[in-house]
Amino acid sequence: MAQAGTQALPDNSRIMMGAALAWAAVVIFAAGNSIVSLLAEIGQQNQVMGRNVITYCNLLFVGSLMSILPMGLMFWREWTLENLRRLTRFNWIILTLSAFLSSALTPGLFFYALEHTTVTNVVLVGRIEPPLFVLAAWLILREEFEPWAFAAGLVALVGAVLMLWLNSGGSFSFGKGEVGALLATLSYIASTLVARTGLRGIPLGIYAIYRTVVGTIFYFFLAIYLFGPMHFQDVFHPLVWEYVWIYALIVVIGGQFAWALGLKYARSGDVSLATSFSPLAAILIAMVLLGEDPGPGLLPGGAIIMLAIGLGQYGRLRSRRTREDSPSTSPARARALEHEGEVNFKGT
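The sequence shown: position 12 = 12 (full-length UniProt numbering), numbered continuously.
What follows is the structure in structure tokens.
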């Protein structure tokens, strides 16, 4: 329905709508960590038989299950016998590896990090991802090295380190949450590299649905192995399903839907600009929803991160190709892979 309605819009209107949806998706994803932490706090205050049934694992598992239906409605046309027959054994291996990394290991580590530290610290530790990803894409994928993007990532990392150092009074140490956030970021980089290596010929709908379904199965058995067979004993409790809809509707369904349409209709520059503000948006939302105090490092560290955003956008403008940057020049699949590494955690 959404696709049919947007086809009738003039090009400029579609571009503006795509940019607005890209910004909406970035804000929703930035709010995801805070929403998860807020729901877990609600569960802690409404325990059932002494247990918090709204655990991070239950939220991730049920939220992923709920996302399968809207994904099916969006992408069912791509699940044809013809498309499936084109997939090679290598394609299926890459799909499965991507599902494990992006929909099981990475979100599991992110949720573990949220369970043991603040949203602000998780966001700041994640600033190691942009420069590492640029370096890895150059060394492993042989993509063109982007010096401005690399420099912007390093500057943003300096701002994040400064915030962590000032907030801890100069004695910051990595705890379980920070280690989890670091491992989650490394896992995310690996999953993005896998996606950009082997998924360019695979329909986006097959990739999205297979990744979610198989990744959810992986996550279920991984959690059972690590935490025991009773770990999901409360997954069907009414309290879980009463609140998990907030997470599923806003972050998983709303965010993914806005992100997909934003990639389809927005210009690459608009998407890049929106994603640049993701870390600052996440910190500000954590202040509002959770009452987190970003500490004395907010202003100096935030100023440095803003400088990094400016550097990144300046570099993007310098390296822009002479061809017109319009939605028609880049298919949805290629655009999805192009921007896959620009927004860290997307809910599932």
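Each residue gets a CB set at the ideal place from its N, CA and C atoms; glycine is no exception. Quick caveat: nothing in here was measured; it's all calculated off a predicted structure.
Best match in the options for proximity to residue i [C-alpha to C-alpha]
i: Arg127; options: Leu164, Met74, Leu273 and Tyr243; result: Leu164
i: Leu182; options: Val125, Gly315 and Lys264; result: Val125
i: Thr192; options: Tyr112, Val134 and Val62; result: Val134
i: Gly297; options: Ser168, Gly180 and Val271; result: Ser168
i: Leu317; options: Trp92, Val119 and Pro147; result: Pro147
i: Gly159; options: Ser319, Leu311, Ile305 and Ala20; result: Ile305
i: residue 416; options: Gly205, Leu239 and Gly255; result: This structure cannot speak to residue 416, because the chain is shown only from 1 to 348.
i: Ala19; options: Lys264, Ser319, Ala308 and Ile309; result: Lys264
Collapsed DSSP secondary structure at residue i in the structure displayed
i: Arg318; result: helix
i: Met17; result: helix
i: Glu324; result: With a pLDDT of 48 at Glu324, under the threshold of 50, the modelled position of this residue cannot be trusted, and the question is left open.
i: Arg142; result: coil
i: Val194; result: helix
i: Val48; result: strand
i: Ser37; result: helix
i: Asp270; result: helix
i: Val26; result: helix
i: Gln233; result: coil
i: Asp11; result: helix
i: Phe174; result: coil
i: Val214; result: helix
i: Pro296; result: coil
i: Ile128; result: helix
Backbone CA spacing between residue i and residue j [nearest angstrom]
i: Trp76; j: Ser102; result: 21 angstroms
i: Gln44; j: Tyr225; result: 24 angstroms
i: Met17; j: Ser268; result: 13 angstroms
i: Gly72; j: Leu154; result: 39 angstroms
i: Ser98; j: Arg86; result: 18 angstroms
i: Glu78; j: Ile253; result: 19 angstroms
i: Thr275; j: Tyr219; result: 27 angstroms
i: Thr120; j: Ala260; result: 27 angstroms
i: Val62; j: Val244; result: 7 angstroms
i: Ala151; j: Leu95; result: 32 angstroms
i: Gly291; j: Gly301; result: 19 angstroms
i: Val271; j: Phe277; result: 11 angstroms
i: Gly295; j: Leu166; result: 8 angstroms
i: Asn91; j: Met287; result: 43 angstroms
i: Leu162; j: Phe172; result: 10 angstroms
i: residue 424; j: Leu280; result: Residue 424 is absent from the model: the chain starts at 1 and stops at 348.
Continuous alpha helix (DSSP H) stretch holding residue i: start and end
i: Ser67; result: Tyr56 to Phe75
i: Phe150; result: Pro147 to Asn167
i: Val244; result: Pro238 to Tyr247
i: Ser98; result: Arg89 to Phe100
i: Phe277; result: Neither: Phe277 is in no alpha helix (DSSP H) and is coded neither H nor E.
i: Trp259; result: Gln256 to Tyr265
i: Leu108; result: Here residue 108 is Gly; the residue named in the question, Leu, does not match the sequence. Unbroken alpha helix (DSSP H) run through Gly108: Thr106 to His116.
i: Glu78; result: Where Glu78 is concerned, there is no enclosing alpha helix (DSSP H), given that its DSSP letter is neither H nor E.
Rounded Cβ spacing between residue i and residue j (contact assumed at less than 8 angstroms)
i: Ala31; j: Ile54; result: Contact flag wrong, Cβ pair sits at about 17 angstroms.
i: Val213; j: Ile68; result: 6 angstroms
i: Thr117; j: Glu178; result: 6 angstroms
Cβ of residue i within 8 angstroms of any chain B Cβ
i: Asn58; result: Reference to chain B is not applicable here, since this structure consists of a single protein chain.
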